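Trainee:
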Amino acid sequence: MDFSLSDEIRDMKRTIREFVDNEVEPCAQQIEEEDRIPQHLIDQAKEMGLFGMSIPEEYGGLGLSMLDKCLLLEELGRANMSFTTLIGAHTGIGTTGIVELASEELKKKYLPDLASGDKIGAFCLTEPDAGSDASNMKTTAVLKGDKWILNGMKHFITNAPEAQVFTVIAVTDKEKGARGGYTAFIVDRDAPGFSIGTIERKMGLRGSHTSEVIFEDCKVPKENVLGTIGKGYSSALRILSKGRVALGARCVGACDKLIELSAKYAQQRMQFGKPIASFQAIQWMLAEMATDTEAARALTYKVAWMVDQNMPVFKEGPMVKLFASEALGRVVDKAVQIHGGMGYMKEFPVERFYRDARLTRIYEGTNEIQRMVIAGRLLKEMEI
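Using UniProt numbering, read the sequence shown as starting at 1 and increasing by one per residue.
1. Around the Cβ of Pro128, are there at least 16 other Cβ atoms within 10 angstroms (buried) or fewer (exposed)?
2. If the criterion is Cβ atoms closer than 8 Å, does the pair Gln267 and Ala277 meet it?
3. Going by DSSP, what residues sit across from Gly121 in a beta bridge?
4. For Met285 and Glu25, I'd like the C-alpha separation in whole angstroms.
5. Candidates Ala304, Gly365 and Leu322: which alpha carbon is nearest Glu74's?
6. Starting from Ser262 and walking both ways along the beta strand (DSSP E), at which residues does that stretch end?
7. Rounded to the nearest angstrom, what separates Ser54 and Asp2 at their Cα positions?
8. Decide if Gln271 is buried, meaning its Cβ has at least 16 other Cβ atoms within 10 Å, or exposed.
9. When the Cα atoms are used, what is the spatial distance from Phe353 to Arg269?
10. In chain order, which beta strand (DSSP E) runs of at least 3 residues are fully inside the UniProt domain "Acyl-CoA oxidase/dehydrogenase middle" (122 to 218)?
11. Can you look up Gln271 in the DSSP assignment and give me helix, strand or coil?
12. Relative to the C-alpha of Phe323, which residue among Met203, Leu247 and Gly230 is closest?
13. Can you tell me whether Val220 is helix, strand or coil according to DSSP?
14. For the structure I just gave you, are there three or more beta carbon pairs, one from the segment 144 to 162 and one from the segment 220 to 233, closer than 8 Å?
15. Alpha carbon to alpha carbon, what distance is there between Lys274 and Glu364?
16. Using CA coordinates, which residue listed in Thr85, Glu104 and Ala122 is at the minimum distance from Gly94?
17. Out of Glu104, Ile120, Phe156 and Ala170, point me to the one whose CA is closest to residue 441's CA.
18. Evaluate Ile87 with the Cβ neighbour count: other Cβ atoms within 10 Å of its Cβ, from every protein chain shown; 16 or more gives buried, anything less gives exposed.
19. Contact check, Val350 vs Val332 under 8 Å by CB: the rounded distance?
20. Between Val213 and Gly197, is the Cβ-Cβ spacing less than 8 Å?
21. Smallest Cα separation from Ile120: which of Leu378, Ile157 and Gln164?
22. Look at Arg78 and Gly232 and say whether their C-beta atoms are less than 8 Å apart.
23. From the DSSP output, which residues share a beta bridge with Leu226?
24. Apply the 10 Å Cβ neighbour rule to Arg10 and answer buried if 16 or more other Cβ atoms are within range, or exposed otherwise.
25. Measuring only the C-alpha atoms, how far is Asp188 from Glu316?
26. On the CB-based measure, 16 or more other CB atoms within 10 Å of its CB, does Pro312 come out buried or exposed?
27. With C-beta atoms as the reference, is Ser116 less than 8 Å away from Gly52?
28. Helix, strand or coil for Thr85, going by three-state DSSP, please let me know.
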């Protein structure tokens with residue numbers, strides 16, 4: 001395994017770091033108060049090619065390897081997490097299925113606009129009765145002539161209010177269910193019978209929007225199937241496994257930022273006539289934060305490398321998501337503690353990070369589900 005950086009990626013990391021620190025961070029409070037990401041930040045991200053990180057160059061993207069993508073997502077992870085989520089969900093689960101499973105015709109039709117950021121992607125799996133239990137999915141797709149007719153509802157769909165292109169998993173054979181009865185589709189926002197439902201009000205991630213997606217006799221062209229009919233569940237697992245690696249990188253970046261903020265504050269905050277950084281209790285917290293972060297970084301890089309070697313990561317992808325999100329939870333909790341009362345105040349960024357970070361243990365598969373997947377794969381490998 002070689003984790004050395006090319007000159008190109010080193011330059012891109014530096015550019016993104018400057019963009020995050022000089023452009024995104026000054027708008028963090030505005031995003032929080034207005035619950036929206038300023039258009040000029042989105043436009044700048046488009047110019048930098050950030051919406052096309054994982055889309056091949058022939059379709060207008062950057063065509064980055066998974067490891068290089070994770071290196072850049074670390075830098076984005078330092079930013080307001082709603083901004084990071086907009087791009088991360090788009091470049092991850094929002095477009096991965098199209099890149100890997102779509103026909104050449106569909107790739108040519110959709111990927112250029114997704115790579116430029118002119119269109120945003122979203123991934124629709126979760127339903128009111130099918131979150132962790134995806135086998136209980138109710139949204140159906142029936143082929144009638146040259147159209148698939150979709151009926152049902154998805155919810156908690158990240159980027160849905162802004163997205164124009166949706167990867168949707170639906171039931172095509174109720175008898176087979178998840179074992180051969182689910183199919184993945186590309187659905188356009190302007191498809192007849194498609195609508196956006198309630199936009200959710202969340203504890204954190206203000207500026208990043210999730211909503212219901214409703215299908216009422218929604219007409220989808222026959223050719224908009226992703227992959228093979230009946231293989232939608234395995235397609236979803238494949239998409240999510242890689243998305244979880246990218247989420248790990250975003251968590252690592254957030255940890256880096258929190259350590260930076262905490263170390264700086266500890267050196268400035270005076271108590272008993274000296275900076276609190278001189279106290280062992282604070283030093284131990286910083287040490288544990290740094291150790292958690294480096295462990296998460298090493299695991300993320302290893303599994304990203306595995307993806308680039310075309311190795312299966314059905315077990316390792318969930319490991320990254322589980323460990324990195326829980327490491328972030330520990331790091332942000334210590335960051336608030338180091339800041340003391342100030343860490344509970346909205347004018348300090350650690351308060352926002354604390355609320356935003358909590359969701360990383362829930363979305364893209366709860367950490368309880370990650371443990372079940374990891375254990376299931378492990379036991380299968382150990383069968384004799």
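Just so it is clear, CB atoms sit at the ideal spot from N, CA and C, and this is done for glycine as well.
None of the values given here were measured: they were computed from a predicted structure.
Mentor: A quick look at the data gives this:
1. exposed
2. yes
3. Val165
4. 25 Å
5. Ala304
6. Run containing Ser262: none in the beta strand (DSSP E); it sits in the alpha helix (DSSP H), Gly232 to Gln268.
7. 20 Å
8. exposed
9. 20 Å
10. 140 to 144, 147 to 158, 165 to 171, 182 to 188 and 194 to 199
11. strand
12. Leu247
13. strand
14. yes
15. 44 Å
16. Ala122
17. Past the boundaries of the shown model lies residue 441; the chain is included only from 1 to 384, so the question cannot be answered.
18. buried
19. 7 Å
20. yes
21. Gln164
22. no
23. Ala184
24. exposed
25. 32 Å
26. exposed
27. yes
28. helix
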